[in-house]
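One structure is given here, and the rest of the page talks about it.
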Amino acid sequence: MADLASKLPLSPAPITPEQLEQGSSLWSDAWARLRKNKLALGSLFMFILIGLFCVVGPWLSPYDSQAQNLFAGAEGPSADHWFGTDTLGRDLMVRVMEGGRISLLVGLVATSVSLLIGVVYGATAGYIGGKVDAGMMRFVDLLYALPFTIFVILLMVAFGRSLWLMFVAIGCVEWLTMARIVRAGVIDLKKQEFVEAAVSLGLSNRRIILRHLIPNVLGPVIVIATLTVPAVMLLEAFLSFLGLGVQPPNASWGVLINEGQQNMEIFAWLLIFPAFFFALTLFCLNFLGDGLRDALDPKSAGD
Amino acid sequence: MVKFIGLRLLQGAIVLLAIYAVTFFLVAMTPGSPFSSERAIRPEILAQIEAFYGYDKPALERFWLSLVNMLQGEFGPSAVYANRSVTDIIGEAFPVSLQLGGMALVIALLLGIPAGIIAAVKRNTWLDYLPMSLAMAGICLPSFVMGPMLALLFGIILRLLPVAGWFGPEYWILPAGTLGLVYAAYFARLTRGGMLEMLNQDWVRTARAKGVPERQIIFKHCLKGGLIPAITFLGPALAGIISGSFVVETIFQVPGLGQWFVRGALNRDDFLILGLTLLFAALIVVMNLLVDIAQVALNPRLKHG
Numbered sequence: 000m001a002d003l004a005s006k007l008p009l010s011p012a013p014i015t016p017e018q019l020e021q022g023s024s025l026w027s028d029a030w031a032r033l034r035k036n037k038l039a040l041g042s043l044f045m046f047i048l049i050g051l052f053c054v055v056g057p058w059l060s061p062y063d064s065q066a067q068n069l070f071a072g073a074e075g076p077s078a079d080h081w082f083g084t085d086t087l088g089r090d091l092m093v094r095v096m097e098g099g100r101i102s103l104l105v106g107l108v109a110t111s112v113s114l115l116i117g118v119v120y121g122a123t124a125g126y127i128g129g130k131v132d133a134g135m136m137r138f139v140d141l142l143y144a145l146p147f148t149i150f151v152i153l154l155m156v157a158f159g160r161s162l163w164l165m166f167v168a169i170g171c172v173e174w175l176t177m178a179r180i181v182r183a184g185v186i187d188l189k190k191q192e193f194v195e196a197a198v199s200l201g202l203s204n205r206r207i208i209l210r211h212l213i214p215n216v217l218g219p220v221i222v223i224a225t226l227t228v229p230a231v232m233l234l235e236a237f238l239s240f241l242g243l244g245v246q247p248p249n250a251s252w253g254v255l256i257n258e259g260q261q262n263m264e265i266f267a268w269l270l271i272f273p274a275f276f277f278a279l280t281l282f283c284l285n286f287l288g289d290g291l292r293d294a295l296d297p298k299s300a301g302d
Numbered sequence: 000m001v002k003f004i005g006l007r008l009l010q011g012a013i014v015l016l017a018i019y020a021v022t023f024f025l026v027a028m029t030p031g032s033p034f035s036s037e038r039a040i041r042p043e044i045l046a047q048i049e050a051f052y053g054y055d056k057p058a059l060e061r062f063w064l065s066l067v068n069m070l071q072g073e074f075g076p077s078a079v080y081a082n083r084s085v086t087d088i089i090g091e092a093f094p095v096s097l098q099l100g101g102m103a104l105v106i107a108l109l110l111g112i113p114a115g116i117i118a119a120v121k122r123n124t125w126l127d128y129l130p131m132s133l134a135m136a137g138i139c140l141p142s143f144v145m146g147p148m149l150a151l152l153f154g155i156i157l158r159l160l161p162v163a164g165w166f167g168p169e170y171w172i173l174p175a176g177t178l179g180l181v182y183a184a185y186f187a188r189l190t191r192g193g194m195l196e197m198l199n200q201d202w203v204r205t206a207r208a209k210g211v212p213e214r215q216i217i218f219k220h221c222l223k224g225g226l227i228p229a230i231t232f233l234g235p236a237l238a239g240i241i242s243g244s245f246v247v248e249t250i251f252q253v254p255g256l257g258q259w260f261v262r263g264a265l266n267r268d269d270f271l272i273l274g275l276t277l278l279f280a281a282l283i284v285v286m287n288l289l290v291d292i293a294q295v296a297l298n299p300r301l302k303h304g
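Chains as they are written, first to last, in numbering that gives the first Met the number 0: chain Y, 0 to 302; chain L, 0 to 304.
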């Protein structure tokens with residue numbers, strides 16, 4: 000509270016009627032708090048840069064990510080190839096960009112899958128409550144205790160190593176935290192007057208959940224979603240690293256890190272560039288997630 | 000307490016059974032069989048091989064048979080490595096993995112928990128910022144990035160440590176360090192959070208006002224409650240160390256279970272996958288049980304919850 004008080008002007012300017020009408024919504028408050036967090040803002044900026052680098056970069060690069068030059072082989076960074084080339088003579092920079100496209104795509108799609116499952120499941124359990132809620136959450140507890148990675152590996156083995164299957168498989172194991180957060184939020188909201196009003200107006204359960212409850216738990220959901228993106232990217236890279244994820248000639252950052260690791264004794268740059276971009280992206284997303292949590296949920300700040 | 004443990008044991012057994020069933024049918028649903036290969040095998044020979052491994056029976060019957068075998072501690076033959084049983088492989092590789100995982104867990108706890116306590120006590124000083132920044136780095140650098148980087152630095156550039164194999168203490172440092180550092184980071188953050196919550200309680204203020212020495216407040220009054228988040232994380236940490244071992248054992252050529260599991264998954268070695276999945280799941284279930292007991296012991300209010 001102390002720092003809030005110190006930031007108030009000593010002689011407050013008269014409040015205009017517009018200001019009164021606007022009030023300050025959760026979102027404008029959150030944005031104001033986020034803007035003060037230099038680390039989170041810097042991370043957001045850096046993440047956007049990495050995104051542009053990966054999405055736009057391949058079109059600007061003179062090289063094709065699959066064009067091999069076996070006579071050249073692996074060469075270190077040079078004026079022609081800024082990141083060097085890999086053992087098949089492919090330009091590493093364009094491979095890092097295209098690998099980034101796949102890694103980021105996995106992050107976005109798998110997070111959306113987990114968002115969808117987690118929000119619907121959590122909101123349903125929280126809203127219905129009682130025995131249904133207890134049963135549904137007990138199931139989540141059970142899943143929490145399971146060795147997920149093993150299951151994702153088995154799913155990849157059982158259904159072939161397609162990219163889309165991987166999105167779904169990863170999304171299917173990363174929704175548990177989301178469901179818990181949404182459920183807790185919904186239980187809190189359920190007791191509030193505006194929900195009682197909606198019930199007494201005779202709105203259907205579906206409509207109450209979709210129109211009144213979910214929009215109000217959006218804050219924590221955004222935070223968890225931001226933190227889920229690096230988690231699913233990690234899982235994808237983990238699978239690809241083991242050879243169970245993205246298959247050649249396609250590459251994700253996990254595939255590139257694996258190739259780099261195999262050749263690191265002689266061609267260290269093959270490891271360093273993809274590992275650097277992967278780690279930087281994870282850093283940015285984690286700091287951004289932490290910043291968003293502080294901004295949207297000031298109570299938990301400092302954890 | 001006895002009733003609580005009994006109930007959890009029963010629950011654990013049911014979970015294990017469910018995991019086994021799901022794994023079995025997932026593997027059974029996979030197209031092809033472990034015996035299909037690029038080489039053409041005469042159909043009658045293939046039929047004979049399949050009959051030897053019991054693949055001529057319907058899946059449900061095979062499930063029942065394998066379940067009975069498992070309960071007797073018989074994990075079956077490896078379908079890919081001829082003349083080796085899964086029990087052999089586990090007997091050979093499990094001690095290695097146990098040692099690797101155990102060392103990683105010890106490193107994680109010995110580094111993470113003191114770092115978290117110091118960071119919480121010296122909040123907002125460099126003793127807080129430095130370990131917490133390192134912890135963030137540890138969380139963002141997964142084992143498959145950290146491992147090769149450490150190997151590059153200590154093994155290839157500085158030439159201090161060997162980067163592959165499992166022949167003696169100097170070979171243990173890099174794999175166990177890689178695996179442990181990531182979880183040290185998580186433990187540090189969780190311990191710091193738990194300790195901060197305790198240190199902000201009203202009764203801590205009362206104790207300070209009464210002149211209780213700071214050391215006593217930290218170690219006698221706050222530590223027990225402050226460690227709960229870290230202890231709760233032991234279950235997920237073990238699961239993470241197991242899956243991390245898949246990567247670390249591959250990077251550093253450690254002859255442990257992780258490597259076998261990955262090879263089994265890539266080669267479709269059904270019995271090996273089933274046996275190892277069950278073993279990993281059992282380890283995690285037991286760890287979660289221990290965590291539950293420890294939690295009740297630390298926080299008696301949970302007993303009635």
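From the three backbone atoms N, C-alpha and C, an ideal C-beta is built for every residue, glycine too.
Would you tell me roughly how many angstroms separate the C-alpha atoms of residue i and residue j, rounded to the nearest one?
{"i": "F286 of chain Y", "j": "Q47 of chain L", "result": "59 Å"}
{"i": "F84 of chain Y", "j": "M135 of chain L", "result": "Inspection of the sequence shows that residue 84 of chain Y is occupied by Thr rather than by Phe. The straight-line gap from Cα to Cα measures roughly 31 Å."}
{"i": "N361 of chain Y", "j": "E169 of chain L", "result": "Residue 361 of chain Y falls outside the range modelled here, since chain Y spans only 0 to 302, and no answer is possible."}
{"i": "D127 of chain L", "j": "L104 of chain L", "result": "23 Å"}
{"i": "V211 of chain L", "j": "Q200 of chain L", "result": "15 Å"}
{"i": "S239 of chain Y", "j": "T205 of chain L", "result": "54 Å"}
{"i": "F193 of chain Y", "j": "D28 of chain Y", "result": "22 Å"}
{"i": "A296 of chain L", "j": "R7 of chain L", "result": "15 Å"}
{"i": "F277 of chain Y", "j": "W252 of chain Y", "result": "6 Å"}
{"i": "G304 of chain L", "j": "I213 of chain Y", "result": "Note that G304 of chain L has pLDDT 44, beneath the 50 cutoff, so the model's placement of it is unreliable and the number below is only indicative. In a straight line, the C-alpha of G304 of chain L is about 29 Å away from that of I213 of chain Y."}
{"i": "I344 of chain L", "j": "M69 of chain L", "result": "Lying before the first or after the last residue shown, residue 344 of chain L is absent from chain L, which here runs from 0 to 304."}
{"i": "A150 of chain L", "j": "F166 of chain L", "result": "16 Å"}
{"i": "A163 of chain L", "j": "F251 of chain L", "result": "4 Å"}
{"i": "L173 of chain L", "j": "A274 of chain Y", "result": "18 Å"}
{"i": "L107 of chain Y", "j": "V228 of chain Y", "result": "7 Å"}
{"i": "F370 of chain Y", "j": "G259 of chain Y", "result": "Given that chain Y is displayed from residue 0 to residue 302, the structure contains no residue 370 of chain Y and the question cannot be resolved."}
{"i": "L200 of chain Y", "j": "P219 of chain Y", "result": "28 Å"}
{"i": "S244 of chain L", "j": "A12 of chain L", "result": "25 Å"}
{"i": "I117 of chain L", "j": "L270 of chain Y", "result": "35 Å"}
{"i": "L142 of chain Y", "j": "A294 of chain Y", "result": "30 Å"}
Using only CA atoms, which one of the options lies nearest to residue i?
{"i": "G239 of chain L", "options": "L:L282, L:L6, L:R41, L:S65", "result": "L:L282"}
{"i": "I106 of chain L", "options": "L:Y185, L:A58, L:D268", "result": "L:Y185"}
{"i": "I221 of chain Y", "options": "Y:R292, Y:N262, Y:D140", "result": "Y:R292"}
{"i": "A175 of chain L", "options": "L:V253, L:I156, L:M194, L:I155", "result": "L:V253"}
{"i": "A280 of chain L", "options": "L:A17, L:V1, L:K2", "result": "L:A17"}
{"i": "G90 of chain L", "options": "L:W259, L:L288, L:V285", "result": "L:W259"}
{"i": "P141 of chain L", "options": "L:V246, L:P161, L:F62, L:P130", "result": "L:V246"}
{"i": "R61 of chain L", "options": "L:R41, L:Y19, L:Y80, L:L99", "result": "L:Y19"}
{"i": "T190 of chain L", "options": "L:L129, L:N82, L:G115, L:A183", "result": "L:G115"}
{"i": "W171 of chain L", "options": "L:L160, L:L180, L:V181", "result": "L:L160"}
{"i": "A187 of chain L", "options": "L:I230, L:Q71, L:A50", "result": "L:I230"}
{"i": "A236 of chain L", "options": "L:S65, L:S77, L:G101, L:C139", "result": "L:G101"}
{"i": "K189 of chain Y", "options": "Y:F282, Y:I208, Y:P57", "result": "Y:I208"}
Per DSSP, what kind of secondary structure is residue i in: helix, strand or coil?
{"i": "T110 of chain Y", "result": "helix"}
{"i": "T84 of chain Y", "result": "strand"}
{"i": "P76 of chain L", "result": "strand"}
{"i": "A300 of chain Y", "result": "Summary for A300 of chain Y: the model assigns pLDDT 44, below 50, so the residue's position carries little reliability; its value from the coordinates is reported in the next sentence. In this structure, A300 of chain Y counts as coil in the three-state DSSP scheme."}
{"i": "G304 of chain L", "result": "At G304 of chain L the pLDDT is 44, less than 50, meaning the model places this residue with poor confidence and gives no usable figure here."}
{"i": "S60 of chain Y", "result": "coil"}
{"i": "D140 of chain Y", "result": "helix"}
{"i": "D90 of chain Y", "result": "strand"}
{"i": "S161 of chain Y", "result": "coil"}
{"i": "S251 of chain Y", "result": "coil"}
{"i": "S84 of chain L", "result": "strand"}
{"i": "Y126 of chain Y", "result": "helix"}
{"i": "L157 of chain L", "result": "coil"}
{"i": "T176 of chain Y", "result": "helix"}
Roughly how far, in whole angstroms, is the beta-carbon of residue i from the beta-carbon of residue j, given that I think they are within contact range, below 8 Å?
{"i": "A124 of chain Y", "j": "V118 of chain Y", "result": "So it is not a contact: roughly 11 Å between Cβ atoms."}
{"i": "V156 of chain Y", "j": "R267 of chain L", "result": "7 Å"}
{"i": "S96 of chain L", "j": "G255 of chain L", "result": "4 Å"}
{"i": "F270 of chain L", "j": "V85 of chain L", "result": "5 Å"}
{"i": "V26 of chain L", "j": "L153 of chain Y", "result": "7 Å"}
{"i": "R100 of chain Y", "j": "C53 of chain Y", "result": "5 Å"}
{"i": "G170 of chain Y", "j": "V216 of chain Y", "result": "About 19 Å; that fails the 8 Å criterion."}
Residue i: beta carbon under 7 Å from a heavy atom of the ligand ADP?
{"i": "W202 of chain L", "result": "Only the bare structure without any ligand can be found here, which leaves the ligand ADP out of the picture."}
Which runs of the alpha helix (DSSP H) fall wholly inside the stretch 177-214 of chain L and span at least 4 residues, in chain order?
-> 201-208
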